[in-house]
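These notes concern the structure reproduced below.
Residue numbers (the numbering used here): 92 to 725.
What follows is the structure in structure tokens.
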């Protein structure tokens, strides 16, 4: 490797006590001279071969270690990127809910109820434009963050992405954390505060707890601002230190990713084999390094053996059989060294916590680690030699081929943009992964193979689906809530605007529900609400929507009507089905309903006013004697 200087080795001098040549006739002098020349040439050849063998084995062992560290660096970068994007998604979701709910948002309840389950960053807060906490997942008391970097940076610049701050001592958690923030804006673009969450520096380097990097191995997440976010050297953890003097920080200014030998003068004096990568979506870089003396110990020991063998060969140059035997021993030692380096690579490859596969540019699987095999539910021998695209459904495989071609056409400097895709396991179940592909190129720049890094995100996909559903649906009845109803109403109005069609809202309040709830208990009341919800769903079309606004109030959206009579027909049907008796654990119960209606564009020209008109019409029906329908006047 050009990063590591080769130390020149010089052959030993000839022994000073060599026997003097006796002046003889031409017949004796010529054979002796020839013998000396032949012996000198033979010794020179032996030393040249020995030095070449030492350089070759050292280069091969160093290349194998750099290859292993590069794979681990890619895996570590992918894990950090996935964690940050998951944090950004949670922050964006909290920001959207804060815009809808305002200061009524209750993050502590979300954590207690499991709406937010990410264990790495359950400390999450909403901070207003003055730096005061509006809501937090933990009890905070009066805390102001106006002087924190994550707050001032978001306030000073209009950026809509996650800002990763330097480690600080938390005012709520009372421990060192890495804050991450997302800007909140008013409707007119003015700064409205931030959503802030935090992660422990130790959690960042917890990724490689099952991989032994050695007593002096290094794992680091640093910022391009020159500050170390988290570092682990052996069992020691560090953070918040300056990284300006580190060799990999200086090199990343010219090359976004590289593997090299570092003398360790800028850190702790320990020489290391370093692989670093600058992250594509965040101003961060990841570094994986192993101690040179630890990883190259076998090779260095064998170098000493080679040098001693060369000295021995020089002393017994006339013993051809001994020289030949020594050469055979040296050749066998070289084979053992290469096999040992390959074994080290395989052990590191299979210990990685991420699924890793090496594939050819055409998509043929060259090798997979144990994690990838376990994720797919297929043994490695069945995966090796197959095509990576055959593991996905046809439409997913087509997109994956396009993604692969794009990576082969890129320069391969930074981590490729990750994609979320699916595989089919052996049992037919669907596996969601967050996947990135990095191209390993030959010296001429041609692709040699691709390193595919896959993280199982199936549980996160399920969490996202559940969060989306719970944020827009009523927990008791399963109906849409008021927020989802308003969204669907706006969509329906946009669809009929300018058309010769009507859109209607029915506002329904159950008459006599409180008396049943008091008489039979809340459990029976909840059961009645669920049965009423199912009856209301039976009154509408699949294109319409039924929602529960809260308590015993419901709403119906009739998305597309031809006349007022269509709305009245549905309202009368609602009155009829709700008037039928309900069976509450063997006890019949009767209720009625007061129904108000408003039609677009006859009574209102926007969703808010339409809902307000229907609400007022419902109260008219209730004050008129209940169990009746009233339509808002034009």
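All residues carry an ideal CB built from backbone N, CA and C; glycine is no exception.
Small disclaimer: the values here were computed from a predicted structure and weren't measured.
Neighbour-count burial assignment, residue 720, 16 or more Cβ in a 10 Å radius: buried
Which of the three DSSP states is assigned to residue 280 in this structure? Note: residue 280 maps to coil in three-state DSSP.
Helix, strand or coil for residue 563? Go by DSSP, reduced to three states. helix
If you draw a straight line from the C-alpha of residue 499 to the C-alpha of residue 537, how long is it? 9 Å
Enumerate, from N- to C-terminal direction, the unbroken beta strand (DSSP E) stretches of 3 or more residues contained entirely within the region 291-357. 309-314, 319-324, 327-329, 348-353
Within-9 Å CB hit, residue 149 to chain B: Looking at the structure shown, chain B is missing, and only one protein chain is on hand.
Cutoff 7 Å; reference residue 157; Cβ partners in own chain excluding five residues on either side: Setting aside the 5 residues that flank it on each side, residue 157 is surrounded in the same chain by 350, 364, 366, each with a C-beta closer than 7 Å to its C-beta; the list follows chain order.
Would you list, in sequence order, the uninterrupted beta strand (DSSP E) runs of no fewer than 3 residues that lie entirely inside the region 217-270? 224-227
Would you say residue 702 and residue 642 are within 9 Å of each other, going by their C-beta atoms? no
Below 6 Å CB to CB, which residues in the same chain sit around residue 672 once its five sequence neighbours on both sides are set aside? 679, 681
Where residue 379 and residue 294 are concerned, what is the direct C-alpha to C-alpha distance, given to the nearest angstrom? 16 Å
Only counting runs of 4 or more residues, tell me where the alpha helix (DSSP H) segments fall wholly within the region 363-401, in order along the chain. 383-386
Would you call the region 310-317 and the region 334-345 in contact, with 3 or more CB pairs under 8 Å? With a cut-off of 8 Å on Cβ pairs, the region 310-317 is in contact with the region 334-345, counting three or more such pairs.
Give the secondary structure of residue 552 by DSSP, where H, G and I count as helix, E and B as strand, and everything else as coil. helix
Would you grab the beta carbon distance between residue 628 and residue 600 for me? Rounded to a whole angstrom, and I think it's under 8 Å. No, residue 628 and residue 600 are not in contact; Cβ-Cβ is about 18 Å, not under 8 Å.
Backbone secondary structure at residue 207 - three-state DSSP: Residue 207 falls in the coil class under three-state DSSP.
Within a Cβ cutoff of 7 Å, which residues of the same chain sit near residue 273, ignoring the five residues on either side of it in sequence? 179, 182, 183, 186, 253, 285, 286
Measuring CA to CA, which of 408, 392, 466, 386 is closest to residue 136? A check of alpha carbon separations from residue 136 across 408, 392, 466, 386 identifies 408 as the nearest.
Alpha-carbon spacing of residue 280 relative to residue 511, whole angstroms: If I take the Cα positions, the gap works out to 31 Å.
Rounded to whole angstroms, what is the Cα-Cα separation between residue 514 and residue 651? Rounded to the nearest whole angstrom, the CA to CA distance from residue 514 to residue 651 is 40 Å.
Kindly indicate which three-state DSSP category residue 289 falls into: helix, strand or coil? strand
Distance between beta carbons of residue 382 and residue 305, contact taken as under 8 Å: 5 Å
Closest to residue 353 by C-alpha separation, out of 362, 345, 347, would be which residue? 362
Do the region 440-460 and the region 539-553 make contact, defined as three or more Cβ pairs closer than 8 Å? yes
Does DSSP classify residue 609 as helix, strand or coil? helix
List the endpoints of the continuous beta strand (DSSP E) containing residue 636. 636-641
Report the residue from 172, 169, 216 whose alpha carbon sits nearest the alpha carbon of residue 188. Nearest of 172, 169, 216 to residue 188, Cα basis: 216.
Would residue 222 pass as a contact of residue 194 if the rule is Cβ separation under 9 Å? Going by C-beta atoms, residue 222 is not nearer than 9 Å to residue 194.
Opening and closing residue of the beta strand (DSSP E) in which residue 525 lies: Per DSSP, residue 525 belongs to the beta strand (DSSP E) from 521-532.
Leaving out the 5 sequence neighbours to the left and right, which residues in its chain are closer than 8 Å to residue 666 when beta-carbon positions are compared? 683, 684, 686, 718, 719, 720
Counting Cβ pairs, one atom from each stretch, are 3 or more of them under 8 Å apart for the region 588-604 and the region 616-630? yes
How many Å lie between residue 584 and residue 559 at the Cα? 23 Å
Helix, strand or coil for residue 166, going by three-state DSSP, please let me know. helix
What are the start and end residues of each continuous beta strand (DSSP E) run of 3 or more residues lying completely inside the region 666-701, in chain order? Runs of the beta strand (DSSP E) lying entirely within the region 666-701, each at least 3 residues long, are 673-675, 678-680, 683-691 in chain order.
Short of 6 Å in beta carbon distance, which residues of its chain neighbour residue 339, apart from the five on each side in sequence? Order them along the chain. 365, 367, 378
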